DNA sequence: AAGAATCACAACCGCGGAATG
DNA sequence: ACATTCCGCGGTTGTGATTCT
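Residue numbers (UniProt numbering): 1 to 275.
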């Protein structure tokens, strides 16, 4: 018996979302919270499948999303995490608050991949490209398996069974091609066992962990001064309120009355209590 | 100016796994 | 133990924007 379609295909709209649809979805979720996605389209009055609604919300409408291009630090973090985790975009995204797996995946495919190739680094294995020609087999295994210096360091089994190095330095990873500060940042992360473990344990997002980790390190210099690195909820909600692409009046978001504001505050409090 | 090529990103598709009955 | 349902993930495609010829 085949798998049932995620939704009734008949009458289900596909393609780009309109401002009207966005408005309906946002209003619904702000009022009711995220519940059963399958039921959302019906309840919100949308002719979309639940999956499409979830995607639209998580990738574009969520108020805690950070807009704009990835910063240098974020990009470097993505490269480093990719070297350890491979194409597990959701895992990587979970370490970058305000960024989605889709966004990171797209950025990887359109920017970082090319950048690494240009730098002579295989974006799959994170090893120098000329080295790849001599070890063809390595392209078939996971990046983590091919991570340099594995023999020198003790290994830690991740929650998903992938072997990683708990203290591998990034000397032959892309970090060597980045700025000295970035290398230092990555080395610092790599040498911190608790941080590395947290990478596997779905705990505090890495960036926040870094902030809490040691306020005398270079990380503080690099990230805390860059307030665009991690946005506050207020910032992001203001994005929502500003409704960047479509004017607030298009949305009818003069409707952001006390009820919605308190919803946002409640979500905010929940988020804060998590960390 | 116009068409072709390329880029960037939003959205879709299909699968795997967890939850449930 | 098995079937079914749903969610989330990663790969891929579609399309508008931009650059090139």
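Even for Gly, the Cβ is constructed at its ideal location relative to N, Cα and C.
As the structure is a prediction and not an experimental result, all values here were calculated from the model.
- The C-alpha of residue 112 is placed about 25 Å away from the C-alpha of residue 57.
- Per DSSP, the beta bridge partners of residue 128 are 121.
- Of all C-beta pairs linking the region 72 to 80 to the region 46 to 53, fewer than three are shorter than 8 Å, placing the two stretches out of contact.
- In this structure, residue 65 sits near residue 100, with a CB-CB distance shorter than 8 Å.
- Between the C-alpha atoms of residue 40 and residue 16 there is a straight-line separation of about 18 Å.
- Pairing residue 22 with residue 61 gives a Cβ-Cβ distance under 8 Å.
- Positions of the alpha helix (DSSP H) runs, each at least 4 residues long and wholly inside the region 26 to 92, are given as 40 to 44, 50 to 56, 72 to 85 in order along the chain.
- Bounds of the alpha helix (DSSP H) holding residue 107 are 101 to 107.
- Residue 14 carries a coil assignment under DSSP once its states are collapsed to helix, strand and coil.
- Selection 104, 63, 80 evaluated against residue 121 yields 80 as nearest (Cα-Cα).
- Relative to the Cα of residue 107, the nearest Cα in the group 68, 53, 63, 31 belongs to 68.
- Cβ contact annotation for residue 11 (same chain, cutoff 7 Å, sequence separation greater than five): 47, in chain order.
- At a Cβ-Cβ threshold of 8 Å, residue 104 and residue 78 count as neighbours.
- With a cutoff of 8 Å on beta-carbon distance, residue 93 and residue 126 are scored as not near each other.
- Counting only the Cα atoms, residue 63 lies some 15 Å from residue 96.
- Considering only 30, 114, 59, the residue with the shortest C-alpha distance to residue 90 is 59.
- When DSSP states are grouped into helix, strand and coil, residue 96 belongs to the coil group.
- Across the structure, residue 28 and residue 51 are spaced so that their CA atoms are roughly 15 Å apart.
- Using a Cβ distance threshold of 8 Å, residue 53 and residue 30 do not count as a contacting pair.
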